[in-house]
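Be aware that the sequence shown starts at 1, since it is given in the UniProt record's numbering, and climbs by one per residue. We treat Cβ as the ideally placed atom computed from N, Cα and C, and that holds for glycine.
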Amino acid sequence: MASSCLFNASLSSLNPKQHPIRRHHSASLLRHRPIVVSCTADANGNSSNTPIETAVKPRQRTEDNIRDEARRQRSTAVNPFSARYVPFNAAPGSNESYSLDEIVYRSRSGGLLDVEHDMEALKRFDGAYWRDLFDSRVGKSTWPYGSGVWSKKEWVLPEIDDDDIVSAFEGNSNLFWAERFGKKFLDMNDLWVKHCGISHTGSFKDLGMTVLVSQVNRLRKMKRPVVGVGCASTGDTSAALSAYCASAGIPSIVFLPANKISMAQLVQPIANGAFVLSIDTDFDGCMKLIREITAELPIYLANSLNSLRLEGQKTAAIEILQQFDWEVPDWVIVPGGNLGNIYAFYKGFKMCQELGLVDRIPRLVCAQAANANPLYLHYKSGWKDFKPMTASTTFASAIQIGDPVSIDRAVYALQKCDGIVEEATEEELMDAMAQADSTGMFICPHTGVALTALFKLRKQGVIAKTDRTVVVSTAHGLKFTQSKIDYHSKAIPDMACRFSNPPVEVKADFGAVMDVLQNYLGSNKTLRS
Ligand SMILES: Cc1ncc(COP(=O)(O)O)c(C=O)c1O
Ligand SMILES: N[C@@H](CCOP(=O)(O)O)C(=O)O
């Protein structure tokens, strides 16, 4: 007998309102020799185009740690690379800019900022140089390059001292060949899932947070007035912020919309010692409050309004190219909420093109929940007028956002890459998640939104059978188990839950177990593949 009661006992304490293989493509990464390549420059800052190979020296003393080792190996050459804040999409001729050591989130006119790298300095090295440098750092425990973010340090925060970096060796996430899912449901043979959620705190937010918290660490050492770091969150930003702050001994303050995030997400900042405010509003309400508070108090703003975050997040795009041995996929599909990530992906791909690592960029698709779809509606209106909305409850709770702070960044990115915006209803996203799980994944509902976009674009013939396509999985499925329990229990009103697989209750009796097994083996269920 199918039953949902097995789920009920252990989970009845959860808030009912909360609505909420692998063919490892690592050959290219192993082919490269284990070298440390350093960029060098003379005293005038003129860089040499010749990579220097330095053998990784064994630790000298047993009490040495990897930071000590990095300190010993530190180059004395002048660092030729730099970055600064500029107004996002600044008008030609604008000379407004700020040092990254300033505490500034908005341009003079109130617009967004962007981190601009000295591209001329980076261009003194060719694409092959950067490819080899990045490849040489993968899979090591060298500080800080063992991180997938800091292995691209020159393109992220080139001027930060290695000693100030706060890292959990994030990134380098699995690019999963979705062989069975692609074949069974989409008739595709080159479909990949970039598992950014298989990470330190279980979401892609780690990529940006290591950068932001490292910069805060530096600012505090410089005696800048930063007593703590704060964010509004739908659960993942707060988890990442609190973990990185706890690791550096920096106070963190998180504003969460009450009863709108999963239990697993809520417990993360609590466990990491953050000051957690559960506020009776939605994410957009929390975002408004944190912006007002950080304007008054010396609390550094950690949301992606702060363009530092996107410097870390963009490395996921570079990593995808690296994992494909620097071949460019045709499509990359990203679930969107506050809309920083879609721009970060564009920026990562674009930098690789501009610096000669690849010769084109993929088309991007941003996927939204139909219950929180302001970007989708804007796209459908021909980018006419953007209207923020009040987002409704969605199982993809981390993207329940109606007034995204990075709307301008997202529109820019999508227009530049001939991008597309799609949406997913609750039933579509939950079915897609269950289908993916049935082929061995364990994805989050947001990834279900992205997979729905893929289903729709395949059906419309926009994405072809042989197109190399990457779906970005943004969080770990284990953070969203309640949604899976509801689905497999068929406990969701007005949802057929077509792919549910509830447990069967059976007595502890040989005959009873035999009966259900024979029934199961005789059914065509086992023949479904
Ligand atoms: C799991 C998950 N997926 C997707 C997103 C969307 O990312 P962005 O806000 O950068 O659009 C978020 C956060 O918003 C998230 O937490
Ligand atoms: N999903 C996010 C929402 C906030 O996004 P951010 O990138 O601006 O911090 C979260 O987990 O809080």
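Counting the other Cβ atoms within 10 Å of the Cβ of K384 gives fewer than 16, which makes it exposed. Among the bridge pairs identified by DSSP, H117 is matched with A83. Y145 and S151 have their C-alpha atoms some 4 Å from each other. The beta carbon of Q215 sits closer than 6 Å to those of L308, all from its chain and outside the five residues before and after it, given in chain order. Around the CB of P445, 16 or more other CB atoms lie within 10 Å, so the residue is classed as buried. Rounded to whole angstroms, the separation of the alpha carbons of S199 and F283 is 24 Å. DSSP places W326 in the coil class of the three-state scheme, outside both helix and strand. For A464, the secondary structure class from DSSP, reduced to helix, strand or coil, is coil. In terms of side-chain proximity, the C-beta atom of I103 is found no nearer than 6 Å to any non-hydrogen atom of ligand 1.
Counting only residues of its own chain and dropping the five nearest sequence neighbours on each side, Q313 has a CB closer than 6 Å to the CB of L207, G208, N341 and A344. Annotation for S214: the continuous alpha helix (DSSP H) segment containing it runs K205 to K221. Boundaries for K416: no beta strand (DSSP E) harbours it, while the alpha helix (DSSP H) harbouring it runs I407 to K416, taken from the DSSP string. Set against 6 Å, the gap from the CB of T294 to the closest heavy atom of ligand 2 is not smaller.
The straight-line gap separating the alpha-carbon atoms of L113 and G356 is approximately 25 Å. A Cβ-Cβ separation of about 21 Å leaves G273 out of contact with H476 under the 8 Å criterion.
Between the region 326–338 and the region 362–371 there are three or more inter-stretch CB-CB distances shorter than 8 Å, so the stretches are counted as touching. Here the region 284–295 lies against the region 245–260, with 3 or more beta-carbon pairs under 8 Å apart. Straight through space, the alpha carbons of D236 and I443 are spaced by roughly 15 Å. A316 sits buried, since 16 or more C-beta atoms from the chains shown fall within 10 Å of its C-beta. Apart from sequence neighbours up to five positions away, the residues of its chain that approach L122 with a beta-carbon distance below 6 Å are L355, ordered along the chain. Rounded to whole angstroms, the separation of the alpha carbons of F510 and T474 is 44 Å.
Using a Cβ distance threshold of 7 Å, L375 and A410 count as a contacting pair. Fewer than three beta-carbon pairs drawn from the region 166–177 and the region 425–434 are found closer than 8 Å, and the two stretches are therefore not classed as touching. Between ligand 1 and T474, a heavy atom-to-CB distance of less than 6 Å is present.
For E422, the enclosing beta strand (DSSP E) has its first and last residue at I420 to A424. Closest by C-alpha distance to F324, out of K194, V506 and G419, is K194. For ligand 1, no non-hydrogen atom lies closer than 6 Å to the CB of N79. Judged by DSSP secondary structure, T481 falls within the alpha helix (DSSP H) whose first and last residues are T481 to H488.
Taking each of Y85, Y105, I165 and G110 in turn and checking the Cα distance to Y98, the smallest one comes out for Y85.
In the three-state reduction of the DSSP assignment, H200 falls in the coil class, being assigned neither a helical nor a strand state. Between T294 and L305, the C-beta spacing is not below 7 Å. Straight-line measurement puts the Cα of L517 at about 42 Å from the Cα of T234.
With a threshold of 16 other beta carbon atoms within 10 Å, G230 meets it and is buried. In this structure, T390 sits away from E428, with a CB-CB distance that is not shorter than 7 Å. Between N373 and E423, the CB-CB gap stays under 7 Å.
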